[in-house]
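Q: Quick one: the structure is below, questions incoming.
2 protein chains.
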Amino acid sequence: MAVEDTGRTTHTAVALMELRKRILNGDFPGGTRLFEVPLAETLQISRTPIREAMSRLAEEGLLDRLTNGGFVVRSFTFADVLDAIELRGVLEGTAARLAAERGVTPEGLAQMQGVLARLDSCFGASSDDVDFEAYSDLNAQFHAILVNLAGSVVLQREIDRATRLPFASPSAFLSDKTNIDIFRQSLHVAQEQHRALVSAISSREGTRAEFVAREHARIARRNLEYVILENPDLIMRVPGLGLLNS
Amino acid sequence: MAVEDTGRTTHTAVALMELRKRILNGDFPGGTRLFEVPLAETLQISRTPIREAMSRLAEEGLLDRLTNGGFVVRSFTFADVLDAIELRGVLEGTAARLAAERGVTPEGLAQMQGVLARLDSCFGASSDDVDFEAYSDLNAQFHAILVNLAGSVVLQREIDRATRLPFASPSAFLSDKTNIDIFRQSLHVAQEQHRALVSAISSREGTRAEFVAREHARIARRNLEYVILENPDLIMRVPGLGLLNS
DNA sequence: ATGGTTGAGGCTGTATACAGATTTCCGGTT
DNA sequence: AACCGGAAATCTGTATACAGCCTCAACCAT
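Those protein sequences? They're chains A and B, same order as listed. Okay, so the first sequence: first residue is 16 according to the numbering used here, each after it adds one. Okay, so the second sequence: first residue is 16 according to the numbering used here, each after it adds one.
Following this line, the structure appears as structure tokens:
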């Protein structure tokens, strides 16, 4: 019997990924109501896993529940995306502050410094020369370690949740589709902030750590403003920005 | 035909309320796995609404999903509850800061000042004389208005979510079962912080507003420490503290 | 012309049967 | 005695039938 990977994954998982993909792609504009029966026919899956998948997407924040049952695609305005980025800054700032205040283990600090050094080596001689893909991976690692160093599962869950909206993720402007001059140049500033974060945490300077992390998130804000206001053609190249409304 | 209220509400809602009640009451210790079939038999409801209810409870943060399906009751340590309170402080602090920085409408400010005045009138001549029940209601209103004044649906959702854990709610220590001297006395300090919050927001002092709100949440932290360390008999009288572990 | 009422269509809520997967326990073997 | 294997029990995943409710539209009455 041939190995069927699609047979291994549940129908719920298929529906979840498929619906998420279509929503993020902008196939369903914000406010669109999703009906179980047509979706079940489209995806060739019964209503039960569709329901389950929509419930998960509501948990992710991509769908809203209607009072009398049913789901609609959540709509995001430009201001909403800015607020989501600011929120991430606040939460990561709190993680940084707690890491500094409560102290981190030498192993944790070493881990972070290791990623910091590897991020450094992504930059070449010219200021335009950056290994974008490697930077993107390492940046995700850096942020994951930061959240970990706070040592709070409650905070970790909230950050995971707030970060699940793709445009609010620390990697939002680091997809391979956004390898553009203006974003590449912002990485020098970002890396300097990474350095400041490690310095603040290792010196147990909580307030400095908190506000550096906040300002770090605001790089994403500036990148977003550039995309929306000055170069709207890029909108579809930033993950999740396809569902942006009005 | 007689009016059947139970016939109006769905089985999902019944299961949701019933399970939530039992979890918060501590009937299922943290880590307990909840099986669909026995629960369906116990509650005289089929598996489908039970599943749906458990999915909602996972969204609320009371249950965790297992990797291969199924749910377990989430376990909270003392440190987790402290972190949840600190998190609320951070989020409400952000709401206060944004309200101050972005400015609020005269109507919004008047609304908040109205509740502030009514909170004042809950206090009697003696420092021990407080209309506890009225204060509890108005306090909830005050916090709701604060979140509203920030004018961010993204932030509002996060605060609603973080606050859904009963012990992290601004009203956690204001249930009628916790009408105790030491909690009543903390209300004078809390009300002074309410005043400072209104002052800071109306003067557009963002930083002051943010840190007053954080400190305000830490009253709950002190109350919690009192309950746990000095008067454990009270644990079962604080909403949601029944599911606290180790 | 406007308002209310009634009916039909369609959507979600629920129960249940069956299938697939996983875990557990028991027995045998090394 | 410990470990491995297999079978049974049990749990979740899924499809589907049916019931109830909500909405919307059309028609009738005033």
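For each residue, glycine too, the CB sits at the ideal point set by N, CA and C. Bear in mind that the values here come from a model prediction, so they are computed numbers and not experimental data.
If I measure Cβ to Cβ from residue 248(B) and keep anything under 7 Å in the same chain, skipping five residues before and after, which residues do I get?
A: Correct list: empty, nothing qualifies.
Q: From the DSSP output, in three-state form, read off residue 35(A) for me.
A: The answer is helix: DSSP assigns residue 35(A) an H, G or I state.
Q: Measure from the alpha carbon of residue 125(B) to the alpha carbon of each residue in 49(B), 161(B), 42(B), 256(B), then state which is nearest.
A: Nearest C-alpha to residue 125(B): 161(B).
Q: Counting along the chain, where does the beta strand (DSSP E) carrying residue 78(B) start and finish?
A: Taken as a continuous stretch (DSSP letters only), the beta strand (DSSP E) holding residue 78(B) covers 78-80.
Q: Comparing the C-beta of residue 218(B) with each C-beta of chain A, is any distance below 8 Å?
A: Output row for residue 218(B): interface = no.
Q: Assuming contact is defined by CB atoms lying nearer than 8 Å, are residue 88(A) and residue 49(A) in contact in what I supplied?
A: Taking 8 Å as the Cβ cut-off, residue 88(A) and residue 49(A) qualify as a contacting pair.
Q: Quick one, which residues of the region 92-117 of chain A are near chain B if we go by CB-CB under 7 Å, in chain order?
A: Residues 95, 98, 99, 102, 105, 109.
Q: Would you identify the three-state DSSP class for residue 48(A), choosing helix, strand or coil?
A: Three-state result, residue 48(A): strand.
Q: Put residue 88(A) into one of helix, strand or coil per three-state DSSP.
A: DSSP places residue 88(A) in strand when its eight states are reduced to three.
Q: In angstroms with no decimal places, state the Cα-to-Cα distance between residue 171(B) and residue 246(A).
A: Each residue's Cα considered, the two are about 30 Å apart.
Q: Determine the chain A residues that contact residue 170(B) at a beta-carbon separation under 7 Å, and present them in chain order.
A: In chain order: 98, 102.
Q: Roughly how many angstroms lie between the CA atoms of residue 139(B) and residue 145(B), to the nearest whole one?
A: Approximately 6 Å between the Cα atoms of the pair.
Q: Where residue 59(A) and residue 34(A) are concerned, what is the direct C-alpha to C-alpha distance, given to the nearest angstrom?
A: Computed Cα separation, rounded: 13 Å.
Q: Looking at the structure shown, is residue 145(A) part of a helix, part of a strand, or coil, going by DSSP?
A: Residue state, collapsed to three classes: strand.
Q: Using the C-alpha atoms, what's the distance from residue 26(B) back to residue 115(B)?
A: Their backbone Cα atoms lie some 44 Å apart in a straight line.
Q: Where residue 188(A) and residue 210(A) are concerned, what is the direct C-alpha to C-alpha distance, given to the nearest angstrom?
A: Those two C-alpha atoms are separated by around 20 Å.
Q: Judging by CA-CA distance, which residue of 41(B), 110(B), 91(B) is the nearest neighbour of residue 223(B)?
A: Checked all of 41(B), 110(B), 91(B); the closest Cα to residue 223(B) is 110(B).
Q: Sorted by chain position, which residues of the same chain lie with C-beta nearer than 8 Å to residue 195(A)'s C-beta, five sequence neighbours on each side aside?
A: If we look at residue 195(A) and ignore the five residues flanking it on each side, its Cβ neighbours are 249.
Q: Excluding the 5 residues preceding and the 5 following residue 40(B) in the sequence, name in chain order all residues of the same chain whose CB lies nearer than 7 Å to its CB.
A: 257, listed in sequence order.
Q: Going by DSSP in three states, residue 138(B) sits in which element: helix, strand or coil?
A: Three-state result, residue 138(B): strand.
Q: Shortest alpha-carbon distance to residue 46(A) belongs to which of 92(A), 64(A), 53(A), 190(A)?
A: Ranking the options by Cα distance to residue 46(A), first place goes to 92(A).
Q: Would you check whether the ligand PLP has a heavy atom nearer than 7 Å to the C-beta of residue 187(A)?
A: Of the ligands one can find in the structure shown there are none, so the ligand PLP has no counterpart to examine.
Q: So, for residue 105(B): in the same chain, excluding its five sequence neighbours on each side, which residues have a beta-carbon less than 6 Å away from its beta-carbon?
A: Here the set comprises nothing.
Q: So that I know if they touch, is there some Cβ in chain A lying closer than 8 Å to that of residue 177(B)?
A: Judged by the 8 Å Cβ criterion, residue 177(B) is in contact with chain A.
Q: If we call anything under 8 Å between Cβ atoms a contact, is residue 72(A) one with residue 102(A)?
A: It is not a contact, given that the beta carbons lie outside the stated cut-off.
Q: Spatial neighbours of residue 123(B) within its chain, please: CB distance less than 6 Å, with the 5 preceding and 5 following residues excluded, ordered by chain position.
A: Around residue 123(B): 164.
Q: Quick check on residue 76(B): buried or exposed, where buried means 16 or more other Cβ atoms within 10 Å of its Cβ?
A: Buried: at least 16 other Cβ atoms inside 10 Å.
Q: Bridge partners of residue 259(B), per DSSP?
A: Answer is 91(B).
Q: I'd like the span of the alpha helix (DSSP H) that includes residue 338(B), first residue to last.
A: Residue 338(B) lies beyond the residue range present for chain B, which begins at 16 and ends at 261; the question has no answer from this structure.
Q: Measuring only the C-alpha atoms, how far is residue 86(B) from residue 44(A)?
A: Cα to Cα, the separation comes out at about 33 Å.
Q: Strictly under 8 Å for the Cβ-Cβ distance: is residue 74(B) near chain A by that measure?
A: Cβ-Cβ to chain A under 8 Å: yes for residue 74(B).
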